[in-house]
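Q: Pasting in a structure now, in structure tokens, and then I'll have a few things to ask.
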Amino acid sequence: MSFLLAIAGRNLLRNTSRTVITGAAVLFGVGLSILGWGLVAGLDENVLRAARTTYAADLLLRPDGYPTDGLTYPLADAAPVPAELAALLDDLGPWTARTAFAAKLVNGSDAQRITVWAYDGERDPLVFPRDGWKVQGRWPTPGANELAVGHSLARLLALEEGTDVVLQTRTRDGAINANNFRVVGLVRSDNAALDNLGAWLEFTDAVPLALLGDARSHLSVRLRGDHAEAASRLAGKGFQTSTLEQECEDLLALNRIRRKSLSIVVGMIMLIAAVGIANTVIMAAFERVREVGTLLALGMRRRDIRVLFMLEGGVMGLSAGLMGALLGGGAVAHLQRKGIDLSSAVDTLGGSMAMSTMIYTQFSWGVVGVALAFGTTVSVLAALWPATWASRIVPADAVKAD
Amino acid sequence: MICQLVGVTKSYPMGDLLVQALRGVNVSVGAGEFTVFAGPSGSGKSTALNLLGCLDRPTSGEVFLDGQNVATLSDDALGAVRARRIGFIFQSFNLIPVLTASENVDLALRLAGVEGSRAERVEKALTEVGLKDYLHRRPSQLSGGQQQRVAIARALVKSPAIVIADEPTANLDSTNGEAILDLMRQMNEEKGVTFLFSTHDPMVMARAKRVVRLKDGEVVADEVRAPS
Ligand SMILES: Nc1ncnc2c1ncn2[C@@H]1O[C@H](COP(=O)(O)OP(=O)(O)OP(=O)(O)O)[C@@H](O)[C@H]1O
Ligand SMILES: [Mg+2]
């Protein structure tokens, strides 16, 4: 077998350009599938990271009846946290309560409708460490009527550190109220939607502005244990729970569609590769009728002839696949460390998806292995029929003069 | 006796017709012979050699090798017989182009099922045909005459019962052709290797110890020559 492998390898070098062209399709298919999978896995991670680090944490609770689509934040639906629920949450892990509400941010003659996130400066960092965020300036000091705004919003309204603005909103009982605030921080979070339309405010200053009282719209829990099990214990306490995965379901479903499309594209490339390999092996068999006859005359068994040609397909598939894996896997591993920065693209498009602008591809040996095995298997199978044809050559052909 | 055709016919279908390549041939070859099949083109020389070399099966009749009737063996069984008992020298040399001279010779030993000490046997065989310094050349780096010497080494290395050579000199110029034939004759005389070959060439016939003449698929003459 190792001897047949050596012959197969050398045979492939006889017509290098043909081998290279045929191998290119396998290389491309394997490389693309690894890259594509790494990218979609990176998108999954991105979506989850955006939600986990900015509003959902591991487990998110909203008052019963509160909309979950993330499009509106009706203050009227916010509700106080029952003491019983608070005690249960304390058992689960660090948690923090926030209240989101719509407001109008006015800077001189410019104004923009935004979403204000009122938070508790003591508890919030326990749940949202804000590791990957970049803040120009600082976070608001409680009681000083200070405001942090998303960096895209800041650009839109020409806000800088120290800019004085007016926040205008409807209070919880429906009246209109406004207050002066000073912008002290420009925030680049992990969530483009927040960067575009979000502002952060301490409860101390939000309560008088919107007359919130103790009404809360979002309780975010950083779980120490299992998500589903924890969620089930919180039922019937006036708040609806949803896990991080449930929060992200729509975007994750989008990624599943991306995976399917990727499979179809890779499948088509592999089909082309299979046709190419079958063609190359059958050409090799046609060209080498006398040689195969000679091997048979010398006593090589038919099944070894077949193995020889299948090895030629397999070696071609494996070596091209290895190169594809090296390129695709290398790119994925590199982008896993460096990340793909989409912020400029998102800024110009004004995108407001609940996604981070940094995508870190996800390297996985499993994906590399499967792609490589798939490429090699396809190659070997593509060589099956040509190899069988070659094994039916009759030894008397060896002595025929050409 | 090493091999024998008994009442052998061979016909090839050609469209609706049957081409009668051999029409009842009886011939036997003994150990140590240096025998040539002669005859005009299409007379059945190659067909007869293919049958004696176990490359093909007769339409009717019997083919004996070492006393065994091989006419009805399976492909793999015939292959095993060829691998161990028969050496081939081809008109177009038929070396495996991706293997070096020594690897080509080694291949024959390997397929004959020889396990140990192959390297020494390979080197010895190539030395005997005068190619000691060309062990690691590929066929494309050897002249036609040298390639045919490698082929002779490949045929002889496994000590076969018989070496079959269909027009071994046809692709060589007369000088190289004579040298190859002299080498074969030398092996025949020094080591007692049995050779059975075919030719059109009077020079080759002149060096044979026995000439079997074929015409239209039948043996028409069988002469034993005095040693030259
Ligand atoms: N595979 C085949 N299919 C059909 N006919 C064949 C085949 N092989 C040989 N023949 C026919 O059988 C007859 C004998 O052919 P063979 O090759 O044995 O002759 P030969 O004596 O070797 O001729 P040459 O000197 O030209 O090599 C010829 O008529 C040839 O056309
Ligand atoms: Mg012939």
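Chains as they are written, first to last, in our numbering: chain A, 4 to 405; chain B, 1226 to 1453. C-beta atoms are modelled at their ideal positions from N, C-alpha and C, and glycine is treated no differently. Please read these numbers as outputs of a predicted model, since none were measured by experiment.
1. Cα separation between residue 147 of chain A and residue 183 of chain A?
2. Contact criterion: CB-CB distance below 7 Å. Does residue 1315 of chain B meet it with respect to chain A?
3. Just the chain A side, please: which residues come within less than 9 Å of residue 1362 of chain B by C-beta, in chain order?
4. Taking 7 Å as the CB-CB cut-off, is residue 297 of chain A touching chain B?
5. Hey, residue 1350 of chain B and residue 1381 of chain B: beta-carbon distance below 7 Å or not?
6. Going by DSSP, what residue range makes up the alpha helix (DSSP H) through residue 1413 of chain B?
7. Expressed to the nearest angstrom, what Euclidean distance is found between the alpha-carbon atoms of residue 187 of chain A and residue 273 of chain A?
8. Give me whichever residues DSSP pairs with residue 248 of chain A in a beta bridge.
9. Are residue 390 of chain A and residue 309 of chain A closer than 7 Å when you measure CB to CB?
10. If I measure Cβ to Cβ from residue 284 of chain A and keep anything under 7 Å in the same chain, skipping five residues before and after, which residues do I get?
11. Is there a Cβ from chain B that is less than 7 Å from the Cβ of residue 385 of chain A?
12. Does residue 1 of chain A pass the burial test, meaning 16 or more other C-beta atoms within 10 Å, or should it be called exposed?
13. May I ask you to report which of helix, strand or coil DSSP gives residue 1231 of chain B?
14. What residue does the alpha helix (DSSP H) around residue 366 of chain A start on, and which one ends it?
15. As a quick exercise: from B/1279, B/1270 and B/1241, pick the residue whose alpha carbon is nearest that of residue 1387 of chain B.
16. By the three-class DSSP mapping on this structure, what secondary structure does residue 113 of chain A have?
17. Suppose the cutoff is 8 Å on Cβ atoms and the five residues either side in sequence are ignored; what does the same chain contact list for residue 1237 of chain B look like?
18. If distances are taken between C-alpha atoms only, which option among A/57, A/89 and A/28 comes closest to residue 237 of chain A?
19. Using the Cα positions of residue 38 of chain A and residue 337 of chain A, report the straight-line distance between them to the nearest angstrom.
20. Considering only their Cβ atoms, is the gap separating residue 1254 of chain B from residue 1326 of chain B smaller than 7 Å?
21. Return the CA-CA distance between residue 1248 of chain B and residue 1267 of chain B, expressed in angstroms with no decimal places.
22. Shorter than 6 Å, the distance from the beta carbon of residue 1270 of chain B to the closest heavy atom of ligand 2, or not?
23. Taking only the alpha-carbon atoms, compute the straight-line gap between residue 17 of chain A and residue 1323 of chain B and give it to the nearest angstrom.
24. What does residue 201 of chain A pair with, by DSSP beta-bridge criteria?
25. With respect to 6 Å, is the separation between the Cβ of residue 1305 of chain B and the closest non-hydrogen atom of ligand 1 below this value?
26. Are residue 43 of chain A and residue 1315 of chain B close, meaning C-beta to C-beta below 7 Å?
27. Given that residue 303 of chain A touches chain D, what residues does it touch there, using C-beta distances under 9 Å?
28. Tell me the rounded alpha-carbon separation between residue 378 of chain A and residue 331 of chain A.
29. Touching or not, the stretch 97-108 of chain A and the stretch 275-282 of chain A, by the rule of three or more beta carbon pairs under 8 Å?
30. Any idea what DSSP makes of residue 312 of chain A, helix, strand or coil?
31. Output the boundary residues of the beta strand (DSSP E) element that contains residue 1311 of chain B.
32. Could you please give me the residues that DSSP links to residue 191 of chain A through a beta bridge?
33. So, does the CB of residue 261 of chain A fall closer than 7 Å to a CB anywhere in chain B?
34. Can you check which of these residues, A/127, A/109 and A/77, is closest to residue 103 of chain A by C-alpha distance?
35. Can you have a look at residue 1275 of chain B and say buried or exposed, based on whether 16 or more other CB atoms are within 10 angstroms of its CB?
36. From what residue to what residue does the alpha helix (DSSP H) around residue 154 of chain A run?
A: In brief:
1. Their Cα atoms are separated by approximately 10 Å.
2. Under the Cβ distance rule, residue 1315 of chain B counts among the residues neighbouring chain A, one pair being separated by less than 7 Å.
3. Correct list: empty, because the minimum Cβ distance to chain A is about 15 Å.
4. Under the Cβ distance rule, residue 297 of chain A counts among the residues neighbouring chain B, one pair being separated by less than 7 Å.
5. Between residue 1350 of chain B and residue 1381 of chain B, the gap from beta carbon to beta carbon is short of 7 Å.
6. Looking at the DSSP string, the run of the alpha helix (DSSP H) that includes residue 1413 of chain B is 1399-1416.
7. Cα-Cα distance, rounded: 55 Å.
8. None; residue 248 of chain A has no bridge partner.
9. Between residue 390 of chain A and residue 309 of chain A, the C-beta spacing is below 7 Å.
10. Close CB contacts of residue 284 of chain A within its chain, under the 7 Å cut and outside five residues either way in sequence, are with 312, 315, 316, 386, 389 and 390 (chain order).
11. It does not: the Cβ of residue 385 of chain A has no partner Cβ on chain B nearer than 7 Å.
12. As displayed, chain A neither begins before 4 nor continues past 405, which places residue 1 of chain A out of reach and without an answer.
13. Of the three classes helix, strand and coil, the one that applies to residue 1231 of chain B here is strand, per DSSP.
14. Secondary structure note for residue 366 of chain A: it is in no alpha helix (DSSP H), with a DSSP letter that is neither H nor E.
15. Cα-wise, what sits closest to residue 1387 of chain B is B/1279.
16. Residue state, collapsed to three classes: strand.
17. Close CB contacts of residue 1237 of chain B within its chain, under the 8 Å cut and outside five residues either way in sequence, are with 1243, 1244 and 1246 (chain order).
18. Its Cα nearest to that of residue 237 of chain A, the residue A/89 stands out among A/57, A/89 and A/28.
19. About 11 Å.
20. It is not a contact, given that the beta carbons lie outside the stated cut-off.
21. Between residue 1248 of chain B and residue 1267 of chain B, the C-alpha separation is close to 13 Å.
22. Yes; taking the cut-off as 6 Å, the Cβ of residue 1270 of chain B has a heavy atom of ligand 2 nearer than that.
23. Taking the straight line from one Cα to the other gives about 8 Å.
24. Residue 201 of chain A pairs with A/118.
25. No, Cβ of residue 1305 of chain B sits at least 6 Å from all heavy atoms of ligand 1.
26. In this structure, residue 43 of chain A sits away from residue 1315 of chain B, with a CB-CB distance that is not shorter than 7 Å.
27. Among the chains of the structure shown, chain D does not appear; the protein chains present are A and B.
28. Distance between the alpha carbons of residue 378 of chain A and residue 331 of chain A: 13 Å.
29. With contact defined as three or more Cβ pairs closer than 8 Å, the stretch 97-108 of chain A and the stretch 275-282 of chain A are not in contact.
30. In the three-state scheme derived from DSSP, where H, G and I count as helix and E and B as strand, residue 312 of chain A is classed as helix.
31. Where residue 1311 of chain B is concerned, the enclosing beta strand (DSSP E) starts and stops at 1311-1314.
32. For residue 191 of chain A, which the question treats as bridged, DSSP gives the partners A/137.
33. So, not an interface residue.
34. Nearest option by C-alpha distance: A/77.
35. With 16 or more other Cβ atoms within 10 Å, it is buried.
36. Where residue 154 of chain A is concerned, the enclosing alpha helix (DSSP H) stretches over 154-159.
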